[in-house]
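Engineer:
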Amino acid sequence: MRFPAFMKIEVSTKTLDRQPGDVLTLPVAEGGRLPSWAGRWPSAARKLVEPLLKSKDFTGKLNELAAFPAPGGLPVSWVYLVGVGKERELTPDRLRQVIAVAARRAQAQRRKALVFPVVGVSAREIPAETAGQVLAEGAVLGTYRFTLYKTLKPEEQKRLEKVTLAVGRGISSAAVATGAKNGTLIADAVGFSRDLINLPANHKYPEDIAARVQKNARKNTGASKISCRIIKKAELTRLGLNAILAVGQGSVHPPVLVALEYKGPGAGSKPPLVFVGKGITFDSGGISIKPSGNMDQMKYDMSGGAAAAGAIQAIAGLKLPVHVVGIIPFSENLPSGSAQRPGDIIRTFSGKTVEVLNTDAEGRLVLADALSFARRSKPAAMIDLATLTGACVVALGKHACALLTNHDGFARQVKEAAARTHERVWELPLWPEYSEQVKSGPADLKNIGDDGAGTIIGAVFLKEFVGNIPWVHLDIAGTAWADKDQAYLSKGGTGFGVRLLTALAADWKPLPSTVKVS
Ligand code: BES
Ligand code: ZN
Ligand code: ZN
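Residue numbering for the sequence shown follows the working numbering, beginning at 33 and increasing consecutively.
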């Protein structure tokens with residue numbers, strides 16, 4: 033585990049020819065000529081880049097990188113050219129990507145200090161604070177590594193230690209610094225979430241991962257305290273959270289429910305914004321067992337829970353004036369002599385009964401109880417994140433999660449947060465016709481449908497447990513896991529949702545209380 037952030041991020045107003053470090057980064061735009069910000073570059077740097085652009089040996093396309101020994105007269109040893117794509121298309125997310133590419137390369141080459149000029153503020157009118165934030169996020173996330181189980185030689189353990197954000201004239205370095213501080217904090221929380229996801233399932237049994245979440249919550253002290261309650265099996269039984277218990281009954285490691293709460297300045301008495309996260313520490317499918325190919329990846333089936341826990345860490349760290357509750361059911365879905373069987377009927381915490389026709393549709397079972405339990409805190413709104421369906425990966429791949437809702441106004445706020453953070457969402461409908469598919473003969477509901485629309489069916493099932501609370505469901509099955517290193521994502525858990533939930537809380541506006549009739 034790697035917290036707090038190992039990396040120091042500085043903001044400096046020195047000109048680029050006087051910025052010491054191992055590497056000077058020069059962001060280059062696509063289009064064959066020097067970008068508008070090249071006026072700030074040392075002349076030796078311009079002389080290096082111009083012929084490369086003319087010859088098209090370096091085109092400036094997004095995330096292209098070329099490393100050169102620094103020309104004489106600069107206080108750095110290396111120059112990295114990084115492509116930002118077309119200058120007019122430079123966005124905060126592209127800045128986040130580009131610095132990540134540079135920082136990752138610098139770390140791989142065992143460089144200690146990277147200089148990166150803050151671009152796009154004058155040229156593209158990106159607010160200085162936003163630029164500081166995304167650059168810090170990109171640098172920290174791009175150099176994230178999960179090495180807990182790797183025996184490394186001392187030189188292999190070396191990390192990028194310092195990033196200097198060089199601001200030009202007319203840009204507020206105080207605003208860049210504020211953004212960078214917030215960005216570091218948020219990226220740290222994403223790192224915490226990634227660490228939990230990347231842990232193997234034999235090192236994060238429900239009680240163990242709950243203890244990690246609790247320990248992490250306790251690190252936030254003082255005014256921005258996070259309270260953390262762990263509800264163990266005996267209490268789950270007493271309370272009647274039978275769906276969570278049913279999913280976990282095949283494992284010798286009992287399920288738990290984690291309840292986090294953060295009361296920001298002045299917000300303690302307001303109805304909370306509630307985050308619910310699926311926390312299946314390993315999903316074998318249970319008796320309806322999955323095929324063995326890639327089954328190892330099912331350790332990421334707790335990514336929704338990791339996002340909820342990470343976001344609350346970030347929100348508390350930023351001391352946002354909001355009241356937030358996190359509800360995370362952790363459970364392991366395994367086949368055994370004590371596992372639940374297809375055909376079993378569970379009486380859920382809500383009182384509704386569910387016929388379990390497929391034990392691999394377990395996420396909706398634990399979330400059914402978690403959502404009904406969450407209603408006890410009288411939420412202003414609830415958002416759940418879950419790696420719920422393979423169908424979502426088919427529909428949207430890795431570039432967006434699915435959003436389904438009973439409340440357009442709340443969904444709008446989530447969509448705005450998604451746009452700001454580039455953790456993209458795409459809405460699917462929740463028309464009442466779909467609900468027919470989850471009606472059961474012998475019970476009130478069944479946990480699978482029989483006519484396609486897998487992601488929607490997962491959501492209509494959950495909708496049965498949210499009542500009239502404004503609610504958004506995010507199916508993050510595709511976005512929670514990266515198959516390869518890419519810009520600020522590293523292979524493995526992505527921590528998707530931490531930044532989105534944090535942005536949602538940062539700009540949260542209480543809702544008028546009408547539920548969409550869909
Ligand atoms: N955890 C899986 C969904 C999943 C699949 C997440 C692939 C990430 C990648 C979930 O519990 C599951 O198995 N869902 C089933 C539901 C089906 C039985 C109705 C699925 O998607 O196949
Ligand atoms: Zn499953
Ligand atoms: Zn699952």
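Quick reminder that beta carbons are idealized off the backbone N, C-alpha and C, glycines included.
A quick note: this is a predicted structure, and the numbers were derived from the prediction, not measured.
(1) For M33, which residues in the same chain have their Cβ closer than 6 Å to its Cβ, ignoring the five residues on either side in sequence?
(2) Would you mind working out which of H439, F442, A343 and A427 sits nearest W458, comparing C-alpha positions?
(3) From the DSSP output, read off the bridge partner residues of T196.
(4) Mind checking H355: buried by the 16 CB within 10 Å criterion, or exposed?
(5) R531 to T453, Cα distance in whole Å?
(6) So, with DSSP's three-state summary, where would you put W567?
(7) Do K478 and V398 have their CB atoms nearer than 8 Å?
(8) Measure from the alpha carbon of D125 to the alpha carbon of each residue in Y520, T196 and F224, then state which is nearest.
(9) Kindly give me the distance between the Cβ atoms of S382 and F497, rounded to whole angstroms, as I take these residues to be in contact under 8 Å.
(10) Taking the C-alpha atoms as reference points, what is the distance between T391 and Y237?
(11) Should N365 be counted as a contact of ligand 2 given a C-beta to heavy atom distance under 7 Å?
(12) Is the beta carbon of S283 closer than 8 Å to that of V357?
(13) Roughly how far, in whole angstroms, is the beta-carbon of A434 from the beta-carbon of T380, given that I think they are within contact range, below 8 Å?
(14) Measure the CB-CB distance between A76 and P67 and report whether it falls below 8 Å.
(15) Taking all protein chains shown into account, do 16 or more other C-beta atoms lie within 10 angstroms of the C-beta of F35, making it buried, or fewer, making it exposed?
(16) May I have a chain-ordered list of the beta strand (DSSP E) segments no shorter than 3 residues that lie completely inside the segment 381-408?
(17) Output the boundary residues of the alpha helix (DSSP H) element that contains T534.
(18) Report whether the distance from the Cβ of G395 to the nearest heavy atom of ligand 3 is below 7 Å.
(19) Between A132, T91 and P101, which lies nearest to K118 when the distance is taken from Cα to Cα?
(20) Which first and last residues belong to the alpha helix (DSSP H) in which F224 is found?
(21) Restricting to Cα atoms, I'd like to know which of D476, L536, G484 and A406 is closest to K447.
(22) Within this structure, are the beta carbons of R72 and W110 separated by less than 8 Å?
(23) Helix, strand or coil for G254 per DSSP?
(24) By the three-class DSSP mapping on this structure, what secondary structure does N479 have?
(25) Please state the DSSP three-state secondary structure of P411.
(26) Between A449, N230 and L97, which has its C-alpha nearest A343's C-alpha?
(27) Quick one: what's Q141 bridged to in DSSP?
(28) Excluding the 5 residues flanking L366 on each side, which residues of the same chain have their C-beta closer than 6 Å to its C-beta?
(29) Return the Cβ separation of A242 and I262 in integer angstroms, given the expectation that the two are a contact with Cβ distance under 8 Å.
(30) Please report how far the alpha carbon of K185 lies from the alpha carbon of A418, in whole angstroms.
(31) Which one of K265, T162 and H285 has the shortest CA to CA distance from G211?
(32) Would you say the beta carbon of T419 comes nearer than 7 Å to a heavy atom of ligand 3?
(33) Is D315 near ligand 2, going by C-beta to nearest heavy atom under 7 Å?
(34) Starting from the Cα of A371, find the closest Cα among H285, D440, K295 and K495 and give me that residue.
(35) Rounded to whole angstroms, what's the CA-CA distance from A198 to I321? Just pull it up for me.
(36) What does the Cβ neighbour count give for A207, buried or exposed, with the cut at 16 atoms within 10 Å?
Structural biologist: Looking at the coordinates:
(1) Confidence at M33 is low in this model, with a pLDDT of 48, below 50, so the placement of that residue is unreliable and no value is reported for it.
(2) A427
(3) E42 and V147
(4) buried
(5) In a straight line, the C-alpha of R531 is about 6 Å away from that of T453.
(6) Outside the displayed range of the chain (33 to 550) lies residue 567, so it cannot be described from this structure.
(7) no
(8) Residue Y520 holds the alpha-carbon nearest to the alpha-carbon of D125 among Y520, T196 and F224.
(9) Yes, they are in contact, since the Cβ atoms of S382 and F497 sit about 6 Å apart, within 8 Å.
(10) Roughly 19 Å between the two C-alpha positions.
(11) yes
(12) no
(13) Actually they do not touch by this definition, with Cβ atoms about 23 Å apart.
(14) Annotated as distal: A76 and P67, with beta-carbon spacing of 8 Å or more.
(15) Unreliable placement is indicated for F35, whose pLDDT of 47 sits below 50; the coordinate value is still reported in the next sentence. So F35 ends up on the exposed side.
(16) The segment 381-408 contains, as complete beta strand (DSSP E) runs of 3+ residues, the segments 385-387 (chain order).
(17) V530 to A538
(18) Set against 7 Å, the gap from the CB of G395 to the closest heavy atom of ligand 3 is smaller.
(19) T91
(20) S205 to N230
(21) The shortest Cα separation from K447 among D476, L536, G484 and A406 belongs to L536.
(22) no
(23) helix
(24) For N479, the three-state secondary structure derived from DSSP is coil.
(25) coil
(26) A449
(27) Bridge partners of Q141: none, in fact.
(28) G282, S283 and S316
(29) 5 Å
(30) 37 Å
(31) The candidate whose alpha carbon is nearest that of G211 is T162.
(32) Yes, the beta carbon of T419 sits closer than 7 Å to at least one heavy atom of ligand 3.
(33) yes
(34) H285
(35) 54 Å
(36) buried
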